[in-house]
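Below you'll find the structure, written out as structure tokens, and then a few comments.
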Amino acid sequence: MKIPPYLKKGDTVAIVCTARKFFPEDAKPAIDLLESWGLKVKLGKTIGLDSCQLGGTDAERTADFQEQLDNDNVKAIWCARGGYGTVRIIDMIDFTKFKKHPKWVMGFSDVTVLHSHINTLNVATLHSIMPFTVPKAPEEVKETFKNSLFGIKNSYTIPSKSYDKKGLAKGELVGGNLSILYSLLGSKSSIDTKGKILFIEDLDEYLYHIDRMMYNLKRNDYFKNVKGIIVGSMHDMHDNEIPFGQNEVQIITEIAKDLNIPIAFEFCAGHQKDNRTLVLGSQVTFEVNDKEIKLSFD
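Position 57 (the sequence shown) corresponds to 56 in numbering that gives the first Met the number 0; numbering is contiguous.
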């Protein structure tokens with residue numbers, strides 16, 4: 000796995016739209032944050048474009064991302080926000096130069112399309128806050144993002160719960176948004192989970208949708224040889240008038256009941272304020288014991 004060069008003061012970060020629209024006035028908190036770290040900011044041509052929900056047409060979003068990908072002066076690309084739309088452009092992006100000279104691609108939610116596709120190219124990415132979420136992000140969360148960009152390794156420790164599954168695992172961290180991972184099954188952007196530690200999170204889904212997605216992943220051997228599962232925020236789940244009968248923890252626990260691996264729930268990443276940065280594609284040590292959940296980047 001290739002780790003892109005870490006940033007240094009004076010480097011340029013490009014902010015682009017690959018999915019929902021985002022406007023220059025909304026980018027100010029993110030610009031201020033990067034500049035406070037000594038970085039320069041380049042707003043892509045898609046910032047300010049308005050094509051219904053999207054930040055420009057598919058062609059415009061592809062061209063903007065491609066420009067930043069191939070620009071030697073741009074050292075990292077920060078996706079402005081999620082929503083939907085990245086899958087519409089992924090097959091039009093040429094990663095030839097990127098594979099030889101990788102750079103950081105950052106974001107979460109719909110950006111999982113990029114995380115997954117780039118993982119198949121053996122390049123690490125950052126599952127992180129986005130310009131859209133900067134205003135509500137706690138300082139300690141911003142610090143984890145800064146650390147990851149500048150090559151300072153993070154280590155996270157949070158209390159464990161009675162329904163976590165104890166164990167110790169080491170391996171490559173992969174994953175992202177559950178709905179996106181599910182939607183990529185069977186495509187060239189679908190990740191290989193064998194021997195790896197899988198991170199999943201989601202937002203605003205019906206419980207039976209979670210069950211359906213998890214079963215489909217299981218039937219596609221997503222969990223067959225996985226070393227551990229980290230479940231981040233599963234925020235704002237819905238149920239029908241006739242209850243499904245299980246919550247998200249029970250659904251995942253049931254599907255993973257035969258796996259002799261550590262499983263942690265409510266981890267500090269995903270669609271929540273406490274969205275700490277994960278270096279996807281990096282080697283990690285993951286432990287769940289009676290008191291704590293520990294995740295350290297090796």
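From the three backbone atoms N, C-alpha and C, an ideal C-beta is built for every residue, glycine too.
Considering only their Cβ atoms, is the gap separating residue j from residue i smaller than 8 Å?
{"i": "Asp57", "j": "Arg80", "result": "no"}
{"i": "Pro158", "j": "Lys290", "result": "yes"}
{"i": "Tyr214", "j": "Ile254", "result": "yes"}
{"i": "Asp210", "j": "Ile250", "result": "yes"}
{"i": "Lys293", "j": "Thr143", "result": "no"}
{"i": "Leu206", "j": "Asp238", "result": "yes"}
{"i": "Leu6", "j": "Lys99", "result": "no"}
{"i": "Ile128", "j": "Val140", "result": "yes"}
{"i": "Val283", "j": "Leu172", "result": "yes"}
{"i": "Leu180", "j": "Thr111", "result": "yes"}
{"i": "Phe264", "j": "Tyr162", "result": "yes"}
{"i": "Leu177", "j": "Met212", "result": "yes"}
{"i": "Asp10", "j": "Lys39", "result": "yes"}
{"i": "Leu148", "j": "Gly174", "result": "no"}
{"i": "Ala168", "j": "Gly227", "result": "yes"}
{"i": "Ser115", "j": "Ser189", "result": "yes"}
{"i": "Lys164", "j": "Ile262", "result": "yes"}
{"i": "Thr301", "j": "Asn274", "result": "Since the displayed the chain opens at 0 and closes at 297, residue 301 lies outside it and no answer follows."}
{"i": "Gly54", "j": "Trp77", "result": "no"}
On the DSSP bridge list, what partners appear for residue i?
{"i": "Ile199", "result": "Gly175 and Val230"}
{"i": "His126", "result": "Gly106 and Leu277"}
{"i": "Ala13", "result": "Lys41 and Ile76"}
{"i": "Arg19", "result": "Leu53"}
{"i": "Gly170", "result": "Val283"}
{"i": "Ala263", "result": "Ile229"}
{"i": "Lys272", "result": "Note: Lys272 sits in no beta bridge, so no partner."}
{"i": "Lys164", "result": "Ile262"}
Whose C-beta lies closer than 6 Å to the C-beta of residue i among residues of the same chain, with five residues either side of it excluded?
{"i": "Gly231", "result": "Glu200, Phe266, Ala268 and Gly269"}
{"i": "Phe97", "result": "Leu68"}
{"i": "Gly280", "result": "Met0, Asn118 and Ala123"}
{"i": "Gly47", "result": "Phe22 and Pro23"}
{"i": "Tyr221", "result": "Thr192"}
{"i": "Pro130", "result": "Ile14, Ala26, Ala29 and Ala79"}
{"i": "Pro3", "result": "Pro101, Lys102 and Trp103"}
Between which two residues does the alpha helix (DSSP H) holding residue i run?
{"i": "Pro28", "result": "Lys27 to Ser35"}
{"i": "Thr61", "result": "Asp57 to Asp69"}
{"i": "Tyr207", "result": "Leu206 to Arg218"}
{"i": "Thr143", "result": "Glu138 to Phe149"}
{"i": "Phe97", "result": "Thr95 to Lys99"}
{"i": "Asn118", "result": "Thr111 to Thr119"}
{"i": "Ile250", "result": "Glu247 to Ile254"}
Following the continuous beta strand (DSSP E) through residue i, name the residue where it begins and the one where it ends.
{"i": "Ile292", "result": "Glu291 to Phe296"}
{"i": "Ala75", "result": "Val73 to Cys78"}
{"i": "Tyr5", "result": "Element bounds for Tyr5: n/a, residue is neither H nor E."}
{"i": "Gln282", "result": "Gln282 to Val287"}
{"i": "Ser189", "result": "Ser189 -> no beta strand (DSSP E), and no H or E assigned at all."}
{"i": "Ile157", "result": "Ser154 to Pro158"}
Excluding the 5 residues preceding and the 5 following residue i in the sequence, name in chain order all residues of the same chain whose CB lies nearer than 8 Å to its CB.
{"i": "Asp31", "result": "none"}
{"i": "Asp257", "result": "none"}
{"i": "Glu59", "result": "Lys44, Thr45, Leu48 and Ser50"}
{"i": "Lys160", "result": "Phe264 and Glu265"}
{"i": "Lys272", "result": "Lys135, Ala136, Pro137 and Val140"}
Once the 5 residues before and after residue i are set aside, which same chain residues still bring their CB inside 7 Å of it?
{"i": "Ile117", "result": "Val104 and Thr124"}
{"i": "Met233", "result": "Glu200, Asp201 and Glu247"}
{"i": "Leu224", "result": "Reading off the sequence shown, one finds Asn at residue 224, where the question assumed Leu. Lys193 and Gly194."}
{"i": "Asp90", "result": "none"}
{"i": "Asp235", "result": "Leu202 and Asp203"}
{"i": "Leu33", "result": "Val12 and Val40"}
{"i": "Leu120", "result": "Phe94 and Lys98"}
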